[in-house]
Amino acid sequence: MDTVKVDKQQLLNLVKLTFPEAVVITDPKQVNAFEKWRKENERALPEMWTLKEFAKRVYHLKSTKRAADYLFQHRDELDIEKGGFIDFDQSHNGWHIPAEELIEFNRSHHYRWE
Numbered sequence: 409m410d411t412v413k414v415d416k417q418q419l420l421n422l423v424k425l426t427f428p429e430a431v432v433i434t435d436p437k438q439v440n441a442f443e444k445w446r447k448e449n450e451r452a453l454p455e456m457w458t459l460k461e462f463a464k465r466v467y468h469l470k471s472t473k474r475a476a477d478y479l480f481q482h483r484d485e486l487d488i489e490k491g492g493f494i495d496f497d498q499s500h501n502g503w504h505i506p507a508e509e510l511i512e513f514n515r516s517h518h519y520r521w522e
C-alpha cells in the first residue's frame, strides 16, 4: 500500500464541510483521552436497551416519546420482519433494543438522534 502526502488543513476543511457538526481532535493527548473515555463507555452500554434506557442514554430524558418516535420513524429499516434487528410486533411486551446495533445503524446512516 502506498502512502500519500495529505494537506492536513485541506483534509480538516473537507471533514468540516462533509460533517459540519463534527469535532476533529488532532492533539495526541486529547485523542488518547477520548479513546479512553470511549472504551470505558462502550463497556458500560447494556447489551439490550428498554425504551426507557434508550430515551435516558440518548436523549437524557425520562419521557420515552422522542425515543419511540425515532424508532417508528425508522421502522422500515429497523423492523426484524424487514431485515432489521428490533421486533416491533413484540414491543407491547416491552422493548428489547440491541444497543450496539442501534448505535451502529444511526452512525452508518448519519442520522441525528432527533
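Taking the numbering used here, I'd label the letters of the sequence shown as residues 409 to 522.
Ideal placement from N, C-alpha and C gives every residue a C-beta, glycine not left out.
{"Query": "Skipping 5 residues on each side, what residues in its chain have a beta carbon closer than 7 Å to that of G492?", "Result": "E485, L486"}
{"Query": "Is DSSP giving W503 helix, strand or coil here?", "Result": "coil"}
{"Query": "Quick one: what does DSSP say I488 is sitting in, helix, strand or coil?", "Result": "helix"}
{"Query": "Around the Cβ of L479, are there at least 16 other Cβ atoms within 10 angstroms (buried) or fewer (exposed)?", "Result": "buried"}
{"Query": "Kindly identify the DSSP beta-bridge partner or partners of W457.", "Result": "I505"}
{"Query": "Between K444 and A476, what straight-line distance do the alpha-carbon atoms span, to the nearest angstrom?", "Result": "31 Å"}
{"Query": "Could you check what DSSP says for I494 in three-state terms: helix, strand or coil?", "Result": "strand"}
{"Query": "Let me know if A463 comes out buried or exposed under the rule of 16 or more other beta-carbons within 10 Å of its beta-carbon.", "Result": "buried"}
{"Query": "Whole angstroms are fine: how far does the CA of T411 sit from the CA of Y519?", "Result": "32 Å"}
{"Query": "Can you grab the Cα-Cα spacing for the pair V466 / D495, in whole Å?", "Result": "20 Å"}
{"Query": "For the ligand FMN, is there any heavy atom lying closer than 7 Å to the beta carbon of E448?", "Result": "With respect to the ligand FMN, the structure shown offers nothing to examine, as it has no ligands at all."}
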